[in-house]
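Input: a single structure, listed below in structure tokens.
Number of protein chains: 2
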Amino acid sequence: MEFHYPNGRKYENLSAAKQKTPDTTAATNYSNRGMTLEEDLNETNRYYLTSGIAVIHKKPTPVQIVHVDYAKRSTAVIKEAYFRQASTTDYNGVCEGKYIDFEAKETKSKTSFPLKNFHSHQIEHMHHVVKQNGIAFVIIRFSTTEEIFLLESKFLFAYWDRMISGGRKSISKKEIVAHGHKIKLGYRPRIDYLKIIREIYAF
Amino acid sequence: MEFHYPNGRKYENLSAAKQKTPDTTAATNYSNRGMTLEEDLNETNRYYLTSGIAVIHKKPTPVQIVHVDYAKRSTAVIKEAYFRQASTTDYNGVCEGKYIDFEAKETKSKTSFPLKNFHSHQIEHMHHVVKQNGIAFVIIRFSTTEEIFLLESKFLFAYWDRMISGGRKSISKKEIVAHGHKIKLGYRPRIDYLKIIREIYAF
Chain A
1 MEFHYPNGRK YENLSAAKQK TPDTTAATNY SNRGMTLEED LNETNRYYLT SGIAVIHKKP
61 TPVQIVHVDY AKRSTAVIKE AYFRQASTTD YNGVCEGKYI DFEAKETKSK TSFPLKNFHS
121 HQIEHMHHVV KQNGIAFVII RFSTTEEIFL LESKFLFAYW DRMISGGRKS ISKKEIVAHG
181 HKIKLGYRPR IDYLKIIREI YAF
Chain B
1 MEFHYPNGRK YENLSAAKQK TPDTTAATNY SNRGMTLEED LNETNRYYLT SGIAVIHKKP
61 TPVQIVHVDY AKRSTAVIKE AYFRQASTTD YNGVCEGKYI DFEAKETKSK TSFPLKNFHS
121 HQIEHMHHVV KQNGIAFVII RFSTTEEIFL LESKFLFAYW DRMISGGRKS ISKKEIVAHG
181 HKIKLGYRPR IDYLKIIREI YAF
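Protein chains in written order, with the UniProt record's numbering: chain A, 1 to 203; chain B, 1 to 203.
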């Protein structure tokens, strides 16, 4: 489908637009949560793309469009829309024939990662991906300590099931340190998660 | 990221919303182009998912959000946003470890498929996918004759290059019939494109 859109405007403006939003709880969450991590990952994926290492993109934010103003034929303006819950993970793509699928989350907690950061259908999606021999994982950032970890889906599934069966509603930092792979923030790429994935899956 | 969104509303409403838009050129293109095809493909992908055949999703429509109203804490309302051009194809996912990536387009023409239906960066994206050993193709629907074809990316690339080098700006129906694979509309799944892909790539 071909959409009319304003020239010169770039997706990067979106983060700026977000930060300009009024400082209500929603706005704060929205502008703070995952922003740095998202930008670092987009930068990393751009590096992977330009270096011919992988083709991985972040999916657009799912939006339910209710009213579009076509008054100006040059530019269709969306006048009413709502954020929708994502039914899949945010990032997917391909690296040397391997299907890559992951979610990236940040937490301000120093001691644990709250599982409420995930929706059940995102976990379901990762289960489906693994059943199709895709590679699914999560990148977790502890924003206070600036630590980034890659956690394979099999561990996420285990901790999710523990919660479902009445256990704790989070993954302890200890557990993430024990089962996850720490990613040092680099220059190019900033977050070299594929290095770890290629070690794990030997490709 | 977790967004507040109105309960009960479904993504399916989007198409309804689209059709309700005023009948300007933009609106007509928007509501007519790819709608039936998109719904049939979503239905097909749902079938693939529930049958454990593949995990393939349509990416959300890329929207550049300019203003969000957080007045009601329960619901963040997007008050100003614009359609952005997609930098990738619309559909991707995984089938038995194989990365699947495709675009779906409709044309009212009976004799040819206009290449202006594609953006150069979508073609670039498919080139990147193929370089990473992913499977890229396009599903073309001739809406007047209700015919659907799957065309492998290598042919799309050839016709695109022909246009770049001063040749015709479309793929003739003859060429699509000759090099494409016709897909009969079925019941479940409606558009069984994976059957063709699995024959071509033998998996």
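Every residue, glycine too, gets a C-beta built ideally from N, C-alpha and C.
Between the CA atoms of residue 69 of chain B and residue 142 of chain B - distance to the nearest angstrom:
As a first step, residue 142 of chain B is located in the second sequence; it is residue number 142 there, counting from the start. As a first step, residue 69 of chain B is located in the second sequence; it is residue number 69 there, counting from the start. Distance between the alpha carbons of residue 142 of chain B and residue 69 of chain B: 41 Å.
Note down the Cα distance separating residue 53 of chain A from residue 97 of chain A, rounded to an integer number of angstroms.
Within the first sequence, the letter at position 53 stands for residue 53 of chain A. Within the first sequence, the letter at position 97 stands for residue 97 of chain A. Distance between the alpha carbons of residue 53 of chain A and residue 97 of chain A is about 11 Å.
Could you tell me the alpha carbon to alpha carbon distance between residue 42 of chain B and residue 87 of chain B, rounded to whole angstroms?
Residue 42 of chain B sits at position 42 when you count from the first residue of the second sequence. Residue 87 of chain B sits at position 87 when you count from the first residue of the second sequence. Going from the Cα of residue 42 of chain B to the Cα of residue 87 of chain B covers about 20 Å.
Can you pull the DSSP bridge partners for residue 57 of chain A?
Taking the first sequence and counting its residues from 1, one reaches residue 57 of chain A at position 57. Residue 57 of chain A pairs with A:92.
How big is the Cα-Cα spacing for residue 62 of chain A and residue 144 of chain B?
To locate residue 62 of chain A, count along the first sequence from 1; it is residue 62. To locate residue 144 of chain B, count along the second sequence from 1; it is residue 144. Approximately 31 Å, taken between the alpha carbons.
Give the residues of chain B in contact with residue 54 of chain A, contact being defined as C-beta atoms less than 8 Å apart.
Residue 54 of chain A sits at position 54 when you count from the first residue of the first sequence. Result: 132.
Can you find the residues in the same chain that come closer than 7 Å, C-beta to C-beta, to residue 198 of chain A, ignoring five residues on each side of it along the sequence?
Here residue 198 of chain A refers to the residue found at position 198 when the first sequence is read from its first residue. Nothing listed; no residue qualifies.
Just to make sure I have the definition right: I need the residues of chain A whose C-beta is within less than 7 Å of the C-beta of residue 62 of chain B. Which are they?
Along the second sequence, read from residue 1 onward, the residue named residue 62 of chain B stands at position 62. Simply 60.
Starting from residue 92 of chain A, find everything on chain B with Cβ-Cβ shorter than 7 Å and list it in chain order.
Counting from 1 along the first sequence, the entry for residue 92 of chain A is found at position 92. Under the 7 Å cutoff, chain B gives 92.
Keeping to the same chain, check which residues put their C-beta closer than 6 Å to that of residue 159 of chain A; ignore five residues upstream and five downstream.
If you number the first sequence from 1, residue 159 of chain A lands on position 159. For residue 159 of chain A, where only same-chain residues beyond five positions count, the Cβ hits under 6 Å are 171.
Report yes if the C-beta distance between residue 65 of chain B and residue 100 of chain B is below 7 Å; otherwise report no.
Within the second sequence, the letter at position 65 stands for residue 65 of chain B. Within the second sequence, the letter at position 100 stands for residue 100 of chain B. Not in contact: residue 65 of chain B and residue 100 of chain B (Cβ atoms no closer than 7 Å).
Please return the same chain residues whose Cβ sits closer than 6 Å to the Cβ of residue 117 of chain B, not counting the five positions on each side in sequence.
In the second sequence, residue 117 of chain B corresponds to position 117, counting from 1. The residues are 105.
Please state whether DSSP places residue 104 of chain B in a helix, a strand or coil.
As a position in the second sequence, residue 104 of chain B is number 104, starting the count at 1. In this structure, residue 104 of chain B counts as strand in the three-state DSSP scheme.
I'd like to know whether the C-beta of residue 128 of chain B is nearer than 7 Å to at least one C-beta of chain A.
One-based indexing of the second sequence puts residue 128 of chain B at position 128. Taking Cβ atoms only, chain A reaches closer than 7 Å to residue 128 of chain B, which makes this a yes.
Report the CB separation of residue 102 of chain B from residue 138 of chain B in whole angstroms; it is logged as a contact under 8 Å.
Along the second sequence, read from residue 1 onward, the residue named residue 102 of chain B stands at position 102. Along the second sequence, read from residue 1 onward, the residue named residue 138 of chain B stands at position 138. With a Cβ gap of about 6 Å, residue 102 of chain B and residue 138 of chain B count as contacting.
Check the C-beta distance from residue 183 of chain A over to residue 196 of chain A and give it rounded, since I have them as a contact under 8 Å.
Looking up residue 183 of chain A in the first sequence gives position 183. Looking up residue 196 of chain A in the first sequence gives position 196. Confirmed, Cβ separation roughly 7 Å.
What are the boundary residues of the beta strand (DSSP E) that includes residue 79 of chain B?
To locate residue 79 of chain B, count along the second sequence from 1; it is residue 79. Segment 77-83, the beta strand (DSSP E) holding residue 79 of chain B.
Paired residues, beta bridge with residue 114 of chain A - DSSP
Here residue 114 of chain A is taken as the residue at index 114 of the first sequence, counted from 1. The partner list for residue 114 of chain A (beta bridge, DSSP) reads A:170.
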